[in-house]
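Quick note: the sequence shown uses my numbering, first residue 737, plus one each step.
Glycine residues also receive a C-beta, built at the ideal position from the N, C-alpha and C atoms.
Predicted model, so just to flag it, every value in this text is computed and none were measured.
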Amino acid sequence: MTKIDMYGMIAPIVMPRLSKKEFSLYLFGTFRLEKRDGNSTSLVRLQRRKVELLFAYLVLHPEPNGHAREKIAALFWGDTTDEQARTSLRTHLAVLRKALGEGALTTTRGRIELNPDLKLHVDVWEFLRLRVGSPETAIDFYHAALLADVDDEWVETERARLRSLYVESLLRVTQQLRSQSEYDRAMDLARKAIQVDPANETAYQHLMFCEMVRGNRVNALKRYDECEQALRDQCAVVPSAETQALYHWIKQTPATFAPNAARTTNLPIPLSSFVGREKELAQIKSILMGTRLLTLVGAGGSGKTRLSIQVSMELMNTFRDGVWWVELANLSNAALVPQAVAKALNIAEVAHLTMTETLVQILGSKQMLLILDNCEHLLAASAQLVNELIRHCPDLKILTTSREPLNVAREAVWQVSTMTVPNELLTRTQLLMGYEGVRLFVERARAVNPNFALTDDNALDVIEICQRLDGIPLAIELAAARTQVLSARQIAARLDNRFSLLTSGNRTALARQQTLRALIDWSYDLLSEIERIILRRLAVFQGGWTLQAAEAVVGDQGQINVPQVLSQLVNKSLIYAEQDHVGDTRYNFLDTIRHYAHEKLDESGEEEILQARHRDWFISFAELADAQTRTAEQLLWLSRLELEHNNLRAALEYSRQQAQKDNNVSTIRLAAALGRFWGLRGYWSEGRAWLAPALECNLCTAAHAKALLGLAELVSWQESYTISQPIYEASLSIGRMLGDKWSIACASTHSLIVEDDDAKCQAMFDEGLSIAQEMKDFWLTAMAFQRMSISTLRRGQDATTLLEQGLAYARQTGDRWLISSALNNLGEILRSQQDYVRVAPLYEEALAIQRVLDDKSGIISSLHNLGHVALRQGDPAHASALFKESLALNREHGRKRGMAECWAGLAGVAAARRLPVYAAKLLGAADALFVEIKTTMDPADRFEFDHNATMTRQQITEDEFYRAWEEGRVMTLDQTSELAMTI
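See below:
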């Protein structure tokens, strides 16, 4: 038999043998204890509130070795003398024994615990036991907050934890009910979540979706208004981009739309209604159910993407592990196709495996649908990846869209046809609306011109437009957009002039492509000369652009009113504008228009000039962003760099092509500016590939020194400081030759981390600090103190003053990464001094910052450190959860040192739970891995390792200890990690 402790961990329980009496304890709401003897049940009154709370605390905090009497006495009677507190504890324990029976409590060697044989049923235990596997049952136990009439601090902490788990369970069940189309029940649970957590945005999203699919568009929009008000009142924030996108989707989608499921997926929210193609939808779904790989093939603008979204939405219920969307349109480097898939699926890079091998390993057991959209410009790379996935992942289905087949074995191909259009001059508008092409034109025309209507007067013109455009959806939409300024008759007249040469040719696939090209030619001809120039020049961007970038790259140094031209192009549906998640307006092309514009750019002879401008702008942008990532604006600029990553990659690629002309100057300069971004956001391998040329070039510039510094940082994060040390030294050497103070300060303070000689360390620190203070650079100053403190700690000396000074300077910079690093390092000192009370807030603050920044390396360290704190504070269940989360991240990223540290921590948990053989195996495995990777533990971790070993030795003989230790030393990484995850 098992029970689940308050942290959701499994803890063993011996089958009840104490007595025939059985107790039931209810802690949700107000305290209530019942005793059942045979068929009768009676209420047990414990006389005093503190007796109830003492019992509740022991129930909610089970410990294998019990609680120290001093800790319990201080917790409940901390406002009295020690003697009075001990007396009060004895008195209250006596009351509890009398009520429960003499054997209900075990008190040995100054420790207290509930007898595990006590027949006790607790509503909180049941809630925690059921919430993982049966959350729909678990939520019934939570009828009110934990001990709702008590305001003790420890109760508040547990109340908040359980409240959070309850809301999480409510939302999980809500998602399940949505996937089963049980929208009324889903809405009831979402409302309950809001009652407990009034600003829970996810709950409001569920309500909006459910209202919409039930046909209550007005109510769905009201739920958005309520969400907006709650977030403003409770958190002083606006709804997230996802919620706003859902809001706009609801506004633009007919109330009759009701997808079959709402499973976990990253499918784009359709921003326009789906028109027609009911027969095609049914056929495509049928084919996809009978094959592993289906490619939707058609001309640009034929509606492949929108069709694939609709198919996927209607099949979401079919796939256990969801439906996942990968957009390839903005990717220009074929080698990064696997990385794009991994990013969409949130799969981390694993050391010693290619990304394709990683995908095969993780997706091998998944039952899911993967959609790759816009493969045509990356055909070979897409085909290669798809082939590997289909071969090795038996339950994976793949839907791709492309302008031509992938030509992969077992590929089924569906030719996306044009929309149906009238083939005769019908005059009854009711009949006309039965044709998909006409219906699409009318709906899109109304979107830009609410007064537009299909009438007897314009019916023939609309028919002609749809016929001449061959029913191609994008072409029809572009034509419909012109109804804002032109009548249907005027549009039809212009089409007559432009398409006369195309009507006599064979109507092959190529002709359909030319028809679309003709329409875009026509749209292009309608532009003014300056609009044409800007449209073609904008094709130099990859993945969109901002106004500032457009002005710098395509604006001829202020001679063109770029904002006005962009606005005109948006109005004419040749580009679109949207607000990105950092609040900036971002522009982009539809994919077909981008290809068309690029052809025009190529014909103009301007491409080389525009690529050079593009590179120069993004070098300046990256250098500015790099500086800002060391300030309070860090998160904003990291997000901007993420948005511009494809543009930055394009600029790097062009720089590499020009390397012989400029001796790699541009490549090194741009890569140097991106090193910090690549490091913080986990693009370690990609960053190292771009920075690696810095090892071989002979530029001897400040950018060269900085590039080497960035490379060294990436190497140290992925491998070790020892391996990165020669690169730091190379950077320092260039800095000295140039007299570049910033490079000298950075490289010297980084280099001292692996230096063992006290005098040399002091000299390096003094030099770096002196330069930083001379430059009045708080960031450099903080970094100098931080690096010196790490070195000092590793040499076994007190670094408290160094760290406190470093933290003070870090806070002045506003660099949250630097602040979190300082907090963590200060915590290491306190932990090495066994000051676990003061250290916890430091680690927790660091972890909160690291989660916001998505700083994987920092998160791993803080979770591990907090695990040791929890273990030393008598909470092995919480420690186990922390160590395991850190271990999982270490395994994802292939970080062996982190794995060994977590094994050692979980050995302490095993010892606390009196599992000494497991503990000794983990300790032996950790020690062997430290030896293998040629590294040593930090002082605080060394102390914990030795303490855990001592605890383990006290529970078994020396022979048993060393036998288990040696067994652990020969276990594989996977074997050891799997053992650790069972603790």
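{"Asked": "Residue span of the beta strand (DSSP E) that contains Arg768, given as start and end", "Found": "768 to 773"}
{"Asked": "Alpha-carbon spacing of Arg1699 relative to Gln1691, whole angstroms", "Found": "14 Å"}
{"Asked": "Beta-carbon spacing of Val1605, Ala1576 below 7 Å", "Found": "yes"}
{"Asked": "Coarse secondary structure for Thr844, derived from DSSP in three states", "Found": "strand"}
{"Asked": "Gly774 versus Arg1225, Asp1398, Phe759, residue with shortest Cα-Cα distance", "Found": "Phe759"}
{"Asked": "Three-state class that DSSP yields for Lys1133 in the structure shown", "Found": "strand"}
{"Asked": "Cα-Cα separation between Thr1244 and Ser1421, rounded to whole angstroms", "Found": "Residue placement at Thr1244 is flagged as unreliable, the pLDDT there being 26, under the threshold of 50; a coordinate-derived value is accordingly withheld."}
{"Asked": "Backbone secondary structure at Asp818 - three-state DSSP", "Found": "helix"}
{"Asked": "Straight-line Cα distance separating Gly1291 from Asn1383", "Found": "18 Å"}
{"Asked": "Of the residues Glu1637, Arg1631, Ala1358, the one placed nearest Leu711, counting alpha carbons only", "Found": "Residue 711 is absent from the model: the chain starts at 737 and stops at 1719."}
{"Asked": "Between the CA atoms of Arg1631 and Ala1724 - distance to the nearest angstrom", "Found": "Not covered by the structure: residue 1724. The range shown for the chain is 737 to 1719."}
{"Asked": "Reduced DSSP category for Asp1109 - H, G, I as helix; E, B as strand; rest coil", "Found": "strand"}
{"Asked": "Reduced DSSP secondary structure (H/G/I, E/B, other) of Thr1693", "Found": "coil"}
{"Asked": "Under 7 Å between C-beta atoms of Thr1027 and Ala1148", "Found": "yes"}
{"Asked": "One or two residues paired with Thr1321 in a DSSP bridge", "Found": "Gln1315"}
{"Asked": "Other residues of its chain near Leu1709: CB distance less than 7 Å, five sequence neighbours each side excluded", "Found": "Met1635"}
{"Asked": "Distance CB(Ala1216)-CB(Arg1180) smaller than 7 Å", "Found": "yes"}
{"Asked": "Where the beta strand (DSSP E) containing Ala1018 begins and where it ends", "Found": "Note, Ala1018: premise wrong, no beta strand (DSSP E); alpha helix (DSSP H) at 1014 to 1026."}
{"Asked": "Any 3 or more C-beta pairs closer than 8 Å across the region 792 to 808 and the region 834 to 854", "Found": "yes"}
{"Asked": "At least 3 beta-carbon pairs within less than 8 Å: the region 778 to 795 vs the region 897 to 907", "Found": "no"}
{"Asked": "Secondary structure of Tyr762, DSSP reduced to three states", "Found": "strand"}
{"Asked": "His857, enclosing beta strand (DSSP E) - first and last residue", "Found": "856 to 858"}
{"Asked": "Beta-bridge pairing of Ser1138 - partner residues as DSSP gives them", "Found": "Val1033"}
{"Asked": "Helix, strand or coil at Val886 [DSSP, three-state]", "Found": "coil"}
{"Asked": "Leu1067 vs Ala1076 beta-carbon contact at 7 Å", "Found": "yes"}
{"Asked": "C-beta atoms of Ala896 and Phe764 nearer than 7 Å", "Found": "no"}
{"Asked": "Endpoints, alpha helix (DSSP H) assigned at Ser688", "Found": "Given that the chain is displayed from residue 737 to residue 1719, the structure contains no residue 688 and the question cannot be resolved."}
{"Asked": "Integer Cβ distance of Leu1410 from Gly1423, believed to fall under 8 Å", "Found": "7 Å"}
{"Asked": "Cβ-heavy atom distance, Leu1095 to the ligand MG, below 6 Å", "Found": "As presented, the structure is devoid of all ligands, the ligand MG included, so that no description of it is given."}
{"Asked": "Enclosing alpha helix (DSSP H) for Glu1733 [first to last residue]", "Found": "For the chain, the structure presents residues 737 to 1719; residue 1733 sits outside this window and is missing."}
{"Asked": "Span separating the alpha-carbon of His857 from that of Leu761", "Found": "6 Å"}
{"Asked": "Where the alpha helix (DSSP H) containing Leu1372 begins and where it ends", "Found": "1370 to 1379"}
{"Asked": "Distance, Phe1521 Cα to Ser1452 Cα", "Found": "19 Å"}
{"Asked": "Ser776 (DSSP reduced to helix, strand or coil)", "Found": "strand"}
{"Asked": "Strand pairing of Met1104, partner residues [DSSP]", "Found": "Leu1132"}
{"Asked": "CB of Arg1705 within 7 Å of CB of Gly1641, strictly", "Found": "no"}
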